[in-house]
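Following the working numbering, the numbering of the sequence shown begins with 39 at its first residue and continues without gaps.
Built from N, CA and C at the ideal position, the CB exists for glycine as well.
First up is the structure itself, then whatever we jot down about it.
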Amino acid sequence: MSDFRLYTVRSISNCMYTLTLEYDSATTSLMQDVNTFTFATDLMLRGVYTDQPNDNTLLFTTESDLHYALLAYKGTARLAWELV
39 MSDFRLYTVR
49 SISNCMYTLT
59 LEYDSATTSL
69 MQDVNTFTFA
79 TDLMLRGVYT
89 DQPNDNTLLF
99 TTESDLHYAL
109 LAYKGTARLA
119 WELV
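Next up, the structure:
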């Protein structure tokens, strides 16, 4: 599977939080979608529910769910986030 480079997090309206997984340029859109969906499924099995609006983004309704996702990620990516 492909390496993740960076997480980008920003808040959107109605207390939604986005988590963007930034993949390297060699990773196809399909692989990004599969990897992101697999991570979302892993979170769901732990009681954290998300939406996936595109191939590399997850939406969270609470900041605590977002923080859990950041801690639960098992990849080697550098983590960086911003709440706007």
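- Message: Suppose you measure from the CA of Val86 to the CA of Ser102; what does that come to, to the nearest Å?
- Response: 9 angstroms
- Query: Straight-line CA distance for Arg84 to Ala64?
  - Reply: 30 angstroms
- Query: For Asp89 versus Gln70, is the C-beta spacing smaller than 8 angstroms?
  - Reply: no
- Query: Going by beta carbon distance, what residues of the same chain come within less than 8 angstroms of Thr74, once the five residues before and after it are set aside?
  - Reply: Leu59, Gln90, Asp93, Asn94, Thr95 and Leu96
- Item | Whole-number beta carbon distance between Leu104 and Leu57, since they are thought to touch under 8 angstroms | 6 angstroms
- Out of Thr100, Phe98 and Asp80, point me to the one whose CA is closest to Tyr111's CA. Asp80
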